[in-house]
Every structure is written in structure tokens, then in C-alpha cells.
Amino acid sequence: MDKKPEEPPEGVSRRLFLKGAGVAAAAVSVAQLPSDVQATSGAEDEPTILGPGPVPIQLRINGVDGQAEAAPSTTLLDFLRDHQGLTGAKRVCDRGSCGACTVLLDGRTVDSCSMLAIDAVGSEITTVEGIGTPENLSDLQQAFIEKDALQCGFCTPGMVVSCTALLKENPTPDREQIRRGISGNICRCGTYQNIIEAVEHVSRKGGK
């Protein structure tokens, strides 16, 4: 049988009664919190506020420290291209779905258009420029040329970065593993078969 709600004392409105009951319940809940939680909920632990103007950002990029003044809202892609002159990572979809802006963050692939530069502080960033240069290509970059694995070139830097990460994790991937490894990178020219052959070629040679 349902109990009827307790009636407020005579002379007290129902609204005041309910308001007072709510305050009392809240006070009991706070009193039951662990002391360490209550201690950390004080105003003295206010977060550091950055911006809206430029702030100094220093990143470790391709083994070198790169620093620039940039707004806290600057993406890693914009920081690399506009503040460091590293234009290998491309802005294509600008929403993290095509892979053209792929870089390595502590060895794992990330879409640089979808993370803030300030969130990469303290990490090791590797762009396609850090994998090889025109004068000193990596085995994989050379294989992309030999196997004709590029056409318009917009996806190529991101593809090279993703395939480099794949070969580092698995030096002898089969075709299905290669397909999964580049699944986050879109080639609008359709050179997937040649890209797979380039990765297989490097794998057979034991390169990277």
C-alpha cells in the first residue's frame, strides 16, 4: 500500500516544506562524501585558462623542437603547416575521415586536423618529412615511386605515414592486414592495388 506523502506542519506552505526537504537531503549527501573528494572540490583548484590570444606552443617534431605563438584553438595540422612550414600533411576533408593529414604521435597514427596542437605537447610527432626526404627516401617512399602508387598526390603523404606505422608494427603483413592498415586513408584516384604492392615489396626486402 502506497504511503501518503508527509504533510507539512501547520502554517508552512507546501512549497517551503519541499524546498527545505531538498536542502536537507543535499546537505546529507555532501556530508557522506569522502573527505578527500570534498577537499578537492574547493575553488582553489581552478583550471588554468589559456587564450583567447596566442600562447607559446613547443612541440617535438621529427626529432627537433619547434616553437611558435599560436591560439590554443590551433589544430596540429595548422601548427605544422602554417607555423612550422611542414606542408606534407594535407588538408582535404578537414574532418578526420580521409587520412590525408595523418601524422605519427608517439608512433601511432592520428588525424592532425582533428586534434589541437596544444594537446600534442610532450609527445613525439613524426610527419612524412621526418620519414624521408627527396634526397634520402625511405624504402617505402621509393617503393611508392617504383610501383606507381601515387597519382594526384594528395593522399600520398598520409598513405606513406600509415604504411610506415603498419610495417613498424608488423614487418610482414598479408594483403588483408595491409588493407586494414590503410583503411583510414582514402585514395580518390583508386591506386589501392599499387599501394598494397608497394608495401609488399618493402616487406619482402625487409625494409621500412
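Numbering (this note's numbering), first residue to last: 1488 to 1695. Here a beta-carbon is modelled for each residue, glycine too, at the ideal position from N, C-alpha and C.
Alpha carbon of residue i to alpha carbon of residue j, nearest angstrom
{"i": "L1603", "j": "A1557", "result": "11 Å"}
{"i": "E1663", "j": "G1671", "result": "14 Å"}
{"i": "V1689", "j": "C1676", "result": "22 Å"}
{"i": "P1521", "j": "E1533", "result": "Residue confidence for P1521 is low, a pLDDT of 49 falling below 50, so the modelled location carries little weight and cannot support an answer."}
{"i": "R1667", "j": "G1609", "result": "29 Å"}
{"i": "P1658", "j": "L1567", "result": "29 Å"}
{"i": "Q1545", "j": "Q1554", "result": "4 Å"}
{"i": "K1577", "j": "I1673", "result": "12 Å"}
{"i": "C1600", "j": "V1551", "result": "21 Å"}
{"i": "P1660", "j": "R1691", "result": "10 Å"}
{"i": "D1569", "j": "K1634", "result": "32 Å"}
{"i": "Q1680", "j": "T1561", "result": "36 Å"}
{"i": "P1543", "j": "T1620", "result": "28 Å"}
{"i": "E1549", "j": "Q1638", "result": "As written in the sequence, residue 1549 is Asn, which differs from the Glu given in the question. When rounded, the distance between both Cα atoms is 26 Å."}
{"i": "L1573", "j": "E1622", "result": "17 Å"}
{"i": "A1607", "j": "G1640", "result": "26 Å"}
{"i": "E1656", "j": "D1565", "result": "28 Å"}
Beta-carbon proximity list for residue i, same chain, < 8 Å, skipping 5 on both sides
{"i": "L1624", "result": "I1632"}
{"i": "V1597", "result": "L1563, T1589, V1590 and L1591"}
{"i": "L1653", "result": "P1660, Q1664, I1665, G1668, I1669 and V1686"}
Residues near residue i in its chain [Cβ-Cβ closer than 7 Å; skip 5 each side]
{"i": "A1518", "result": "With a pLDDT of 45 at A1518, under the threshold of 50, the modelled position of this residue cannot be trusted, and the question is left open."}
{"i": "I1669", "result": "M1646, S1649, C1650 and I1682"}
{"i": "G1575", "result": "T1614, V1615, E1616 and P1644"}
{"i": "T1535", "result": "none"}
Rounded distance between the beta-carbons of residue j and residue i, thought under 8 Å
{"i": "C1642", "j": "G1693", "result": "26 Å between Cβ atoms; not a contact."}
{"i": "L1592", "j": "A1685", "result": "Not confirmed; about 24 Å, so no contact."}
{"i": "I1605", "j": "P1559", "result": "5 Å"}
{"i": "A1630", "j": "T1678", "result": "In fact, because the Cβ distance is near 13 Å, the residues do not count as touching under 8 Å."}
Close-in-space but distant-in-sequence residues of the same chain around residue i (CB under 6 Å, 5 per side omitted)
{"i": "R1595", "result": "none"}
{"i": "I1618", "result": "S1625 and T1651"}
{"i": "R1547", "result": "E1611"}
Exercise for review: Could you tell me whether the region 1579-1597 touches the region 1534-1544, where touching means 3 or more Cβ pairs closer than 8 Å?
Suggested key: No, because fewer than three Cβ pairs between the region 1579-1597 and the region 1534-1544 fall closer than 8 Å, the two stretches do not touch.
**Study point:** Every unbroken alpha helix (DSSP H) within the region 1545-1613, with a cutoff of 4 residues, ordered by chain
**Key:** Counting whole runs of 4 or more residues, the region 1545-1613 contains no alpha helix (DSSP H) stretch at all.
**Study point:** Whole runs of the beta strand (DSSP E) within the region 1645-1677, excluding any shorter than 3 residues
**Key:** Complete beta strand (DSSP E) runs here, min 3: none at all.
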